[in-house]
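**Q**
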Amino acid sequence: HALSPRLADPGLEFPYALLLVSGGHCQILRVDGVGQYRRIATTIDDALGEAFDKTAKILGLGFPGGPAVERLAQQGDPRAVPLPRPLKGNAEPHFSFAGLKSAVLRASESGQYTDADIAASFQQAALDCVLDRLTRALDAMEPVPALVVAGGVAANQRIRTALEELAETRGMRFVAPPLALCTDNAAMIAWAGCERLGQSDPLDFVARPRWPLDPLAEPVRGAGYKA
Numbered sequence: 095h096a097l098s099p100r101l102a103d104p105g106l107e108f109p110y111a112l113l114l115v116s117g118g119h120c121q122i123l124r125v126d127g128v129g130q131y132r133r134i135a136t137t138i139d140d141a142l143g144e145a146f147d148k149t150a151k152i153l154g155l156g157f158p159g160g161p162a163v164e165r166l167a168q169q170g171d172p173r174a175v176p177l178p179r180p181l182k183g184n185a186e187p188h189f190s191f192a193g194l195k196s197a198v199l200r201a202s203e204s205g206q207y208t209d210a211d212i213a214a215s216f217q218q219a220a221l222d223c224v225l226d227r228l229t230r231a232l233d234a235m236e237p238v239p240a241l242v243v244a245g246g247v248a249a250n251q252r253i254r255t256a257l258e259e260l261a262e263t264r265g266m267r268f269v270a271p272p273l274a275l276c277t278d279n280a281a282m283i284a285w286a287g288c289e290r291l292g293q294s295d296p297l298d299f300v301a302r303p304r305w306p307l308d309p310l311a312e313p314v315r316g317a318g319y320k321a
């Protein structure tokens, strides 16, 4: 995911700020080159894509949940349901979505709101969190010319539009891969191999079940504990 935008946009040069949002990851990274990633922020509990899938399950929308929630949200009022914005305003730019998921469940069980309003309000709350956390991270980073979004959640048009607007206000170029390259796909894996081959990366490696992009990043306090 971190390099896939360069497949569709060869003019994208290093360094750039990357918002990686998928079912398994929610991170902000500074990408200085192939294999050179510095993590600025991560989630302390759930990834954003997982929160979309959980919301879809609560509302009976099926899987994959992201596109289903996005479609239903177009019919609802994004301010109808009072949902929390976890960690908004926090000094550190990390994410948290477990509490938001719980609030969606309570709203659904209350019977006070339509499914469309819940979907729209969830999407707006998630977007507000992303924009707040990303703004905090960009303020703390050394300036880079481009803001890049990647991962399955990058296919969400509401989120893409808001990120493009944020980049414009900061004088940054905005880059997002085509929708076909947002979700897991063989092309991005092959492209990462091409990029590494061009860097004369050796073919030998050690197999690891979890391999963070930035192995030198400090553990995040509270990570792994559900809110």
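Residues in the sequence shown are numbered from 95 upward in steps of one, following the working numbering. Even glycine gets a Cβ: it sits at the ideal position worked out from N, Cα and C.
According to DSSP, C223 sits in a beta bridge with which residue or residues?
**A** Here residue 223 refers to the residue found at position 129 of the sequence shown. Per DSSP, none; premise fails for C223.
**Q** Quick check on this structure: which residue in L260, K148, F157 has the alpha carbon closest to the alpha carbon of A197?
**A** As a first step, residue 197 is located in the sequence shown; it is residue number 103 there, counting from the start. The residue with the shortest Cα to Cα distance from A197 is K148.
**Q** Over the uninterrupted alpha helix (DSSP H) stretch that includes A261, give me the two end residues.
**A** If you number the sequence shown from 1, residue 261 lands on position 167. Taken as a continuous stretch (DSSP letters only), the alpha helix (DSSP H) holding A261 covers 251–263.
**Q** Would a C-beta distance cut-off of 7 Å place F189 and R227 closer than the cut-off?
**A** Within the sequence shown, the letter at position 95 stands for residue 189. Within the sequence shown, the letter at position 133 stands for residue 227. In this structure, R227 lies closer than 7 Å to F189 by Cβ.
**Q** Could you have a look at A214 and say whether DSSP puts it in helix, strand or coil?
**A** If you number the sequence shown from 1, residue 214 lands on position 120. Under the three-state reduction of DSSP, A214 is assigned to helix.
**Q** Please state if the CB of I138 and the CB of V314 are separated by a distance shorter than 7 Å.
**A** As a working mapping, residue 314 is identified with position 220 in the sequence shown. As a working mapping, residue 138 is identified with position 44 in the sequence shown. For V314 and I138, yes; Cβs fall inside 7 Å.
**Q** Here's the rule: buried if 16 or more other CB atoms are within 10 angstroms of the residue's CB, otherwise exposed. What is D233?
**A** Looking up residue 233 in the sequence shown gives position 139. Burial check for D233: the Cβ neighbour count within 10 Å stays below 16, so the residue is exposed.
**Q** Which residue spans inside the region 149–208 form an unbroken beta strand (DSSP E) run of at least 3?
**A** none
**Q** Would the beta-carbon of S202 fall within 7 Å of that of I212?
**A** Start at 1 with the first residue of the sequence shown, and residue 202 comes out as number 108. Start at 1 with the first residue of the sequence shown, and residue 212 comes out as number 118. A contact, by the Cβ cut-off of 7 Å.
**Q** By alpha-carbon positions, which one of Q130, Q217, T136 ends up nearest to A162?
**A** The count along the sequence shown starts at 1 and reaches residue 162 at position 68. When only C-alpha atoms are compared, the closest one is Q217.
**Q** Less than 7 Å separating the beta-carbons of A219 and L177?
**A** For the purposes of this step, residue 219 is identified with residue 125 of the sequence shown, where counting begins at 1. For the purposes of this step, residue 177 is identified with residue 83 of the sequence shown, where counting begins at 1. Yes, the Cβ-Cβ distance between A219 and L177 is below 7 Å.
**Q** Specify the secondary structure class of A135 as computed by DSSP and reduced to three states.
**A** Numbered from 1 along the sequence shown, position 41 holds the residue referred to as residue 135. It is a strand residue.
**Q** Which value, in whole angstroms, describes the spacing of the CA atoms of R124 and P303?
**A** Mapped onto the sequence shown, residue 124 falls at position 30. Mapped onto the sequence shown, residue 303 falls at position 209. Taking the straight line from one Cα to the other gives about 23 Å.
**Q** Do you know how far the Cα of V224 is from the Cα of M266?
**A** The count along the sequence shown starts at 1 and reaches residue 266 at position 172. The count along the sequence shown starts at 1 and reaches residue 224 at position 130. Using only the alpha carbons, I get a separation of about 17 Å.
**Q** When you compare the CB of I122 with every CB in chain D, is at least one pair closer than 7 Å?
**A** Checking the listed chains, one finds no chain D in this structure; it contains a single protein chain.
**Q** Starting from the Cα of E258, find the closest Cα among L241, A249, A274 and give me that residue.
**A** On the sequence shown, position 164 is the one that residue 258 refers to. The shortest C-alpha separation from E258 is found at L241.
**Q** Can you list, in chain order, the residues of its chain whose CB lies under 6 Å from that of C120, leaving out five sequence neighbours each side?
**A** Locating residue 120 in the sequence shown gives position 26, where the first residue counts as 1. Excluding positions up to five away in sequence, the list reads T137, A141, L142, F189.
**Q** Which residue marks the beginning of the beta strand (DSSP E) containing L113, and which one marks its end?
**A** On the sequence shown, position 19 is the one that residue 113 refers to. Element bounds for L113: 110–115.
**Q** Should P180 go down as buried or exposed, given a rule of 16 or more other Cβ atoms within 10 Å for buried?
**A** On the sequence shown, position 86 is the one that residue 180 refers to. Flag for P180 reads buried.
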